[in-house]
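*Asks:* Going down the list, the protein sequences come from chains V and Y.
The numbering used here applies: residue 1 is where the first sequence begins, and numbers increase by one.
The numbering used here applies: residue 1001 is where the second sequence begins, and numbers increase by one.
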Amino acid sequence: MNTRPHIALQGLRKLYPGNARPTFDEIWFDIMPGEFVCLIGHSGCGKTTLLNILAGLEQASGGTVIVEGRELTGPGLDRAVIFQSHALLPWMSVRENIAFAIRSRWPGWSRAEVEAHGQRYIDLVHLSGAERKKPAQLSGGMKQRVGIARALAIQPRILLMDEPFSALDALTRGALQDEVVAISATTRQTTFMITHDVDEAMLLADRIVLMTSGPDARVAEIVENGLPRGRTRQELHRLPGYAALRNHLLDFLVERPAGRPADPRHPPLRRIGAAEHPATANPR
Amino acid sequence: MPRPGQRARAIALSLLLLALFLGAWQAAVSGGGGTAAQMDPDYAALMGTAATQGASAMPGPAQVATRLAELLADPFYDRGANDKGIGIQLGWSLLRVMLGYALAVLVAVPLGFLIGTSALLRQALDPFIQILKPISPLAWMPLALYTIKDSGRSAIFVIFICSVWPLLLNTAFGVASVRREWLNVARTLEVSRWRMAWRVILPAAAPTILTGMRISIGIAWLVIVAAEMLVGGTGIGYFVWNQWNNLSITDVIIAILLIGLVGMALDQLLAWAGRRVGYSE
Ligand SMILES: Nc1ncnc2c1ncn2[C@@H]1O[C@H](COP(=O)(O)OP(=O)(O)OP(=O)(O)O)[C@@H](O)[C@H]1O
Ligand SMILES: [Mg+2]
């Protein structure tokens, strides 16, 4: 935990032209290598904007993002984005959508190499048999799977997900969450995910960043997930500390705190879930 | 969804309407006919005996069908400037349309692409497009004849100028309205500009571009007839005008029919192409 952060958000601020107040300001937190961080906040507090800035798709109005020691300047193949609306190219088949990403990552690869590599990821997300289908012929869950396969296929160092499962029914969402658990257990990619599903955050995240309501949103606090590792969806609610963590997160969402932390650079860090551990200090 | 059997019934109804139309036509020409008394004297003089003889002035469907068979039996003969097969005339018109249209596609699609991607260019060019677009293509004809000094090429220019606007506007619109998330996907993959244009923007905008192409070919085919009436020489438009001067109403009717059929074929061709590049989200 004491290595250099993979991603460091330093005083990020976004002011959309025409708005009187910034959407968010003074956003400071780190994401460590291999860490899975979830962001929870009320609708409109700027979560998507924040993720787009990390993806390089949008410019911050202030502050910087440091990735692996370098200031971020634009989009890049080191970061893959899984979009809420899956963003598949509708004129391409499943295989072509994934091949498009693979060819972008490794332009020199032969057709056979691209095919074989793509097939591995199609199999990984259990889409074998649907390779030739167009996105319009797929269910919502299948489309999201293609989006996941496309993101994973370029073997990014960082995975950015914007409410990837929010548009899905509970069953499909559960199945995909299980797949994300399995995949991230093997790849140990650094992952940043926006969600509004408290259980999803508790299942997947190592740390959960809570944002205050906008405008002028801040990081209210960072909750370290104290639930034991190797969690499964079926077992989650039986884990010791589950109720404490869940209540804490839900209280935050219900109370809608708009207040600011005293020191935006070091938002309060709480470790909840592992019953007896006291809150540890901010690793910084 | 059409119910099963609906298609068959629609065809039957179409055939019935056709029969009714042909019957009415036959009845109209064989009946009282054009009475010379009601006719404008100048017009009667112009038309000569053909019009004033009543029944024989307007050909009936049978007459037209016979003549059509005659024309189609040998469509490609060439006996001098004023006597060419109907196939040759249609061929000339199609050739002019294709040349002018191809030129318009070559100019309008890349230019529309630029306009669609650059808001600055879009605003800068907008006043020109707005002024040039409503000009009837035929209004360009004298200027074209004066500068190009060749009637055939002037007709091609007129086709070009009438096809270019729908193509330009549709391409620009299609390119400008490519979904932002598709562009974002390509951006996160660090796709080059060229690959972005070919693999993302063009396929995304293709249905809109094809719609523009379909509108354009329709206008081009409308305009070529008028243009050829003006410049003369060859082409189906010239044929219509020439047969009018020869008072061969039968041939005029046949030309009208063929113009309609060819126009429909062109339209269907582009509709088919549009379906090929279409996608559903
Ligand atoms: N292009 C824009 N111009 C002006 N304001 C914008 C723009 N995009 C977003 N905003 C504003 O910024 C705020 C944050 O938007 P954002 O989409 O980041 O919210 P979010 O937290 O992702 O919300 P949700 O949970 O509903 O997805 C909103 O109030 C929105 O109105
Ligand atoms: Mg959002």
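The C-beta atom is built at its ideal place from N, Cα and C for all residues, glycine as well.
The structure displayed is predicted, hence computed values, not measured ones.
Below 7 angstroms CB to CB, which residues in the same chain sit around Leu1210(Y) once its five sequence neighbours on both sides are set aside?
*Replies:* The residues are Leu1270, Ala1273, Gly1274 and Val1277.
*Asks:* Return yes when the Cβ of Val94(V) is within less than 9 angstroms of the Cβ of Ala55(V), no when it is not.
*Replies:* No, the pair does not count as a contact, with Cβ atoms beyond the cut-off.
*Asks:* Write down the C-beta distance between Leu168(V) and Gly140(V) rounded to the nearest angstrom, noting that I regard them as a contact closer than 8 angstroms.
*Replies:* At roughly 6 angstroms, the Cβ-Cβ gap stays under 8 angstroms, so Leu168(V) and Gly140(V) are in contact.
*Asks:* Who are the near neighbours of Leu1022(Y) in its chain, counting only those whose CB is closer than 6 angstroms to its CB and skipping five residues on each side?
*Replies:* Excluding residues within five positions, the ones whose Cβ falls inside 6 angstroms are Pro1061.
*Asks:* Assuming contact is defined by CB atoms lying nearer than 9 angstroms, are Val1240(Y) and Met1141(Y) in contact in what I supplied?
*Replies:* Going by C-beta atoms, Val1240(Y) is not nearer than 9 angstroms to Met1141(Y).
*Asks:* For the beta strand (DSSP E) holding Lys298(V), just list the boundary residues, first then last.
*Replies:* Beyond the ends of chain V as shown, which are 1 and 284, falls residue 298(V); an answer cannot be given.
*Asks:* In chain order, which alpha helix (DSSP H) runs of at least 4 residues are fully inside the region 2 to 69 of chain V?
*Replies:* Taking only runs of at least 4 residues, the alpha helix (DSSP H) segments lying wholly in the region 2 to 69 of chain V are 47 to 55.
*Asks:* Beta carbon of Ala1220(Y), beta carbon of Ala1104(Y): below 9 angstroms?
*Replies:* Yes, the pair counts as a contact, with Cβ atoms nearer than the cut-off.
*Asks:* Per DSSP, what kind of secondary structure is Glu221(V) in: helix, strand or coil?
*Replies:* Reduced to three states, the DSSP call for Glu221(V) is strand.
*Asks:* So which residues of chain Y does Arg79(V) contact, with C-beta pairs closer than 8 angstroms?
*Replies:* The answer, in chain order, is Thr1188.
*Asks:* For Asn52(V), which option in Phe1128(Y), Val1185(Y) and Val1178(Y) has the closest C-alpha, if you only look at C-alpha atoms?
*Replies:* Among Phe1128(Y), Val1185(Y) and Val1178(Y), the Cα nearest to that of Asn52(V) belongs to Val1185(Y).
*Asks:* Report the partner residues of Ile158(V) according to the DSSP bridge assignment.
*Replies:* Paired residues: Arg79(V) and Thr190(V).
*Asks:* May I have the straight-line CA-CA distance separating Ile1201(Y) from Val1175(Y), to the nearest angstrom?
*Replies:* One C-alpha to the other measures close to 6 angstroms.
*Asks:* Buried or exposed: where does Phe1128(Y) fall if 16 or more other Cβ atoms within 10 Å of its Cβ makes it buried?
*Replies:* With fewer than 16 other Cβ atoms within 10 Å, it is exposed.
*Asks:* Let me know the alpha helix (DSSP H) ranges lying completely inside the region 1045 to 1127 of chain Y, each 4 residues or longer, listed in chain order.
*Replies:* DSSP runs (the alpha helix (DSSP H)) wholly in the region 1045 to 1127 of chain Y: 1049 to 1052, 1061 to 1073 and 1086 to 1117.
*Asks:* So with Cβ pairs under 9 angstroms, would you call Tyr946(Y) a contact of chain V?
*Replies:* Because chain Y here runs from 1001 to 1281, residue 946(Y) falls outside it and cannot be looked at.
*Asks:* What is the residue span of the beta strand (DSSP E) that Leu269(V) lies within?
*Replies:* Leu269(V) -> beta strand (DSSP E) spans Leu269 to Ile272.
*Asks:* Could you pull out every residue in the same chain whose Cβ sits closer than 7 angstroms to the Cβ of Gly1005(Y), ignoring the five residues on either side in sequence?
*Replies:* None.
*Asks:* What residue from Asn1245(Y), Ala1255(Y), Trp1198(Y) and Ser1151(Y) has the CA that sits closest to Glu1228(Y)'s CA?
*Replies:* Of Asn1245(Y), Ala1255(Y), Trp1198(Y) and Ser1151(Y), the residue nearest in Cα terms is Ser1151(Y).
*Asks:* To the nearest angstrom, how far is it from the Cα of Ser1280(Y) to the Cα of Ala1197(Y)?
*Replies:* Straight-line Cα distance between these residues: approximately 20 angstroms.
*Asks:* Give the C-beta separation of Arg246(V) and Val181(V) to the nearest angstrom, bearing in mind that I take them to be a contact with Cβ-Cβ under 8 angstroms.
*Replies:* Their Cβ separation, rounded to whole angstroms, is 18 angstroms, which puts Arg246(V) and Val181(V) out of contact at 8 angstroms.
*Asks:* Rounding to the nearest angstrom, what Cα-Cα distance links Pro1059(Y) and Val1029(Y) in this structure?
*Replies:* Roughly 7 angstroms between the two C-alpha positions.
*Asks:* Going by beta-carbon coordinates alone, are Leu1247(Y) and Met1213(Y) separated by less than 9 angstroms?
*Replies:* No.
*Asks:* Among Met142(V), Ile7(V) and Gly214(V), whose alpha-carbon lies nearest the alpha-carbon of Arg70(V)?
*Replies:* Nearest C-alpha to Arg70(V): Ile7(V).
*Asks:* Look up Ile208(V) in the DSSP assignment and say whether it is helix, strand or coil.
*Replies:* It is a strand residue.
*Asks:* Please determine, among Val254(V), Asp263(V), Glu255(V) and His248(V), the residue with the shortest C-alpha to C-alpha distance to Arg270(V).
*Replies:* Closest option to Arg270(V), Cα to Cα, is His248(V).
*Asks:* Return the CA-CA distance between Leu1189(Y) and Thr212(V), expressed in angstroms with no decimal places.
*Replies:* Taking the straight line from one Cα to the other gives about 32 angstroms.
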